[in-house]
Structure formats: C-alpha cells, structure tokens
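Enquirer:
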Amino acid sequence: MPSNNTSGWAENVIIADADHLDRVAFDLTVNFERMLERRIPRADLARWAECVVLDGGLREGDHHTHLILIHDPKKAAFDNFTPAHFENELNGQAFNGPLGEFTISAIQIEENVGGDRLLCDTVAYITAQPEVKRIMIIPDEERDYDTVRQLLRQADPDKHITLFAMQPMPGGNFRQEILGYSLMSALGIKGEEL
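Residue numbers for the sequence shown follow the working numbering, beginning at 123 and rising by one.
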C-alpha cells in the first residue's frame, strides 16, 4: 500500500456493507431484466468502486483508495458481483485504473459483533484518521443510516464525506448520492436503454 503517512491509510476510503450492497444489486438486476427484457450480468466490482469515488468527488489522477467490504460470516462471496469471493478473490487484492490504485479489504463480521456495530465502529475509526481526506459510506439504510449520521456529527468538517443510499435520506454534515447510479453502471445498464 503506497503511502506517505505513518498509519498506512489511503487518502480515500470506501466503507461498504457488502451484504446490503449485494441485495441492492440483486433488486436492480431483477427489476431491470424485466424492464429491458434482457439478461443483466453480474456487477463489475472495480467499475462500481470507480463510480463511487467519482460520485464522492474524486477526479482522474494518481490516487490511492482503500475499499473496505464488511460481510456476514455466513456469506463467503457476493452473489451479484464479480469478482465475488471475499477471501480468495477480493481480500488483499488491488487494481489500477484512471483514478489510481484501489486496494481491497474484506472484513468478516465476528459472531459476537453485529454488522451494524462493525460498520459504525469502522466509520468512527476511519473518520478519526488524519490522513484520510475523502470517505464514501454505503450503510444498510434501514439498519445503520441514523447511527452513521449521528457518528458523522463528530467528524472533522474538512473531511469530504459522502453517504450512498437508494433514496434521499435525512441530511447531516455530509453529501448524499444515490447508490443506484453507480450500481447501474457496474451492471452495464446504459442511460439510453431507459
């Protein structure tokens, strides 16, 4: 992980509830297959991550982004993304593109720690890291949104924070983006098809 800081964190971090993300991708796939009358392939995880950082305000350049995927221990892999397997294909892997290097960490929820707690603890920890400047968060909207919104009240106002949800949610000291747009791109759905 190339970095000029002591803790090793990238300047840009995506924190995602992988199980929620997978469910939303499934719902979009089912709906768009009916609407477009064609098969929708699995979402391209790298394409999705690039779209998320673009929606989070990053522009082309030699950046470093850390993608953190928090997943249930009962799920070894995404059902609706490629690559899919958390441990064998994603954890510890990296890819490069026009937005720089992306490194991936897949973190399994411990049995005695709920997914909501792990996601919120991760958000609190990452927002406290001085070298992290841009944070994109994909929480489970129904379960975690309010808790994350409250946590972010204590975040450094100079950090560029974006929360992603499928619909506009009550605001806070962060930007909001619609999660569906990045997923549509990753699923290969083009605007002219709609």
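From the three backbone atoms N, C-alpha and C, an ideal C-beta is built for every residue, glycine too.
The model shown is predicted, which means the values in this text are computed figures rather than measured ones.
#1: Identify the residues that DSSP records as bridge partners of S227: which are they?
#2: Taking the DSSP output, what are the residues bridged to L285?
#3: Closest to G222 by CA distance: which of E314, V135, E315 is it?
#4: Taking V135 as part of the beta strand (DSSP E), name the residues at either end of that continuous run.
#5: With the cut-off set at 8 angstroms, would you say L180 and I260 are in Cβ contact?
#6: In the DSSP output, which residue or residues are listed as bridge partners for D166?
#7: Is it buried or exposed, E172, if we count other Cβ atoms within 10 angstroms and call 16 or more buried?
#8: Where does E321 land, buried or exposed, given buried means 16+ other C-beta within 10 angstroms?
Expert: From the atom records:
#1: I190.
#2: As a beta-bridge residue in DSSP terms, L285 pairs with I259, Q298.
#3: For G222, the closest C-alpha among the options E314, V135, E315 is that of V135.
#4: Looking at the DSSP string, the run of the beta strand (DSSP E) that includes V135 is 134–139.
#5: No, these two residues do not count as a Cβ contact at 8 angstroms.
#6: Its beta-bridge partners are T204.
#7: Classification of E172: buried, given that the 10 Å Cβ count is 16 or more.
#8: Past the boundaries of the shown model lies residue 321; the chain is included only from 123 to 316, so the question cannot be answered.
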